[in-house]
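**Student:**
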Amino acid sequence: MHHFEYKSGRLHCEGVDLNLIADTAGTPVYVYSTATLRRHARVIAAAFEGQNCLIAYSVKANGNLAVLKTLASEGCGADVVSGGEMRRAMTAGIPASKIVFSGVGKTRGEMALGLEIGIHQFNVESAAELEALSEVATFLGKTAPVALRVNPDVAAGGHPNISTGKAGDKFGVPWADAPALYERMKDLPGIKAVGVDVHIGSQIGELAPMRAAFEKTISLVKQLREAGHDLTRIDLGGGLGIPYKSDDSPAPPSDYAEMIREVTEGLGLEVILEPGRVIAGNAGVMVSEVLYHKPAPDRTFLIIDAGMNDLMRPALYQAHHDILPVNEPAAGTAETRYDIVGPICESTDKFAAERTMPEVAVGDRIAFMSSGAYGAVLSSQYNARPLVSEVLVDGDNYAIVRRRPRFEDMIELEQMPDWLI
Ligand SMILES: *Cc1c(COP(=O)(O)O)cnc(C)c1O
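In this note's numbering, the protein residues as written are 10 to 430.
1) Using only the alpha-carbon positions, how far apart do alanine 75 and alanine 185 sit?
2) Is proline 284 near ligand 1, going by C-beta to nearest heavy atom under 7 Å?
3) Here's the rule I'm using: 16 or more other beta-carbon atoms within 10 Å means buried, otherwise exposed. How should glycine 59 be labelled?
4) Please confirm whether alanine 105 has its beta-carbon closer than 8 Å to some beta-carbon of chain C.
5) CB phenylalanine 377 to CB isoleucine 409, shorter than 8 Å?
6) Distance, Cα to Cα, glycine 246 vs alanine 141?
7) Identify every residue that forms a DSSP beta bridge with tyrosine 41.
8) Please give me, in chain order, every unbroken run of the beta strand (DSSP E) with length at least 3 that falls completely inside the stretch 331-361.
9) Cutting at 6 Å between CB atoms, please list the residues of its own chain near arginine 158, excluding the five before and the five after it.
10) Taking buried to mean at least 16 other C-beta atoms within 10 Å of its own C-beta, is glutamine 327 buried or exposed?
11) Return the residue from the list Thr36, Glu14, His330 that minimises the CA-CA distance to aspartate 26.
12) In angstroms with no decimal places, state the Cα-to-Cα distance between threonine 309 and valine 299.
13) Tell me the DSSP secondary structure of valine 90 in three-state form.
14) Output the boundary residues of the beta strand (DSSP E) element that contains threonine 309.
15) Check whether the stretch 33-53 and the stretch 75-92 touch, using three or more Cβ-Cβ pairs below 8 Å as the test.
16) What alpha helix (DSSP H) runs, 4 residues minimum, are completely inside the stretch 155-233?
17) Have a look at aspartate 239 and glutamine 232 and give me their C-alpha separation to the nearest angstrom.
18) Counting only the same chain and skipping the five closest in sequence on each side, list residues whose C-beta sits under 6 Å from that of glycine 250.
19) I'd like to confirm the pairing. Which residues does DSSP put opposite lysine 303 in its beta bridges?
20) Given this structure, state the Cα-to-Cα distance separating aspartate 162 from glycine 174, to the nearest angstrom.
Next comes the structure, spelled out in structure tokens:
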């Protein structure tokens with residue numbers, strides 16, 4: 010469910026014509042819908058009503074400060090994977106008590122930041138990280154609340170590159186090692202084991218692999234409790250999928266919440282969730298302008314002003330985005346087949362191959378739907394292209410919430426060594 014639709018022949022975000030945003034902010038441009046962000050946060054919160062639950066939005070999906078502030082005002086916490094994301098969450102007004110710190114490679118500096126502001130939980134992913142966290146916490150005179158991220162050896166996720174819960178993945182501690190690590194935590198200064206954490210992947214459309222992983226994790230919680238560990242939390246990660254195509258039908262949040270209620274019932278655990286994509290994905294589009302038609306012997310290339318540096322998902326995961334013309338095609342507009350490509354000097358700079366869609370003219374805008382998650386955050390300045398602007402819409406209002414850097418901004422951090430001056 011989202012708030013992008015045709016009104017008077019133009020694709021709108023809520024009350025605002027995307028052409029108007031493209032005219033003022035330039036293209037390519039990311040456009041986010043406040044109503045959609047709020048709706049998704051509320052649907053999830055409502056689904057979990059009655060459960061003791063912290064919804065820690067995964068900042069890595071879309072860390073724009075205005076997006077974070079919108080979600081903070083809905084009561085969301087944050088799941089962060091770096092010191093920078095932690096600072097973003099704090100800057101947007103998310104209290105430390107609702108911040109969970111995940112990731113396989115936390116530095117000691119990042120650990121210290123989390124300890125100093127007093128975050129809710131550290132999700133620890135290895136024995137070595139546990140020892141380091143203990144040292145940092147002891148040095149600072151703090152106690153780190155820890156959940157060990159376990160690897161349940163369950164396959165899931167829409168693409169091998171976003172599956173994280175198989176035995177060969179770098180994430181989590183091997184299942185068999187977990188009990189000994191919890192024993193170790195009993196003796197480690199500055200560490201308090203508070204729960205168990207699991208996150209098996211992203212864009213998961215079916216509940217079965219999640220249920221399998223969660224049931225396995227719950228059995229571990231019970232085993233650890235019997236061994237004398239006072240565990241009060243379970244962190245079930247993120248990963249719920251979204252519809253990228255109109256006929257996709259991933260499990261709805263209500264079914265997901267019901268499954269979690271069944272799995273965790275009667276255990277008195279605080280349930281922590283780390284949804285990213287399901288909140289931000291369908292709340293954003295990327296708008297681009299058609300630069301050229303380039304006919305080739307067997308196809309027509311539609312060359313647009315966005316590149317893989319602006320929206321990486323197709324190049325990185327062979328991901329599909331629905332692509333809609335911003336000007337609604339008039340009745341009877343011919344359909345045609347395009348290879349839709351960007352200006353970057355890489356063959357992977359292709360958004361869609363042999364895509365059938367209504368004919369579009371040079372100068373027309375097209376919208377990449379469902380680009381709100383893992384879109385702007387993954388962008389780069391490759392080919393010396395400035396980062397794309399981001400715009401937030403709220404009803405009939407819109408504002409640029411990240412401006413495009415000027416050329417001077419882009420080179421500001423570089424300096425000539427004195428022998429070249
Ligand atoms: C990426 C990630 C998430 C969010 O995943 P989504 O599929 O966007 O919901 C949550 N937790 C961890 C540890 C992650 O790495």
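Yeah, the Cβ is synthetic: ideal placement off N, Cα and C, and Gly gets one too.
**Tutor:** This is what the structure holds:
1) 42 Å
2) yes
3) exposed
4) The chain labelled as chain C is not found in the depicted structure, where only one protein chain is given.
5) no
6) 23 Å
7) Gly293, Leu401
8) 332-334, 344-350
9) Asn132, Glu134, Gly181, Asp206
10) exposed
11) Glu14
12) 13 Å
13) coil
14) 308-313
15) yes
16) 187-196
17) 11 Å
18) Gln212, Ile213, Gly214, Pro259
19) Phe310
20) 5 Å
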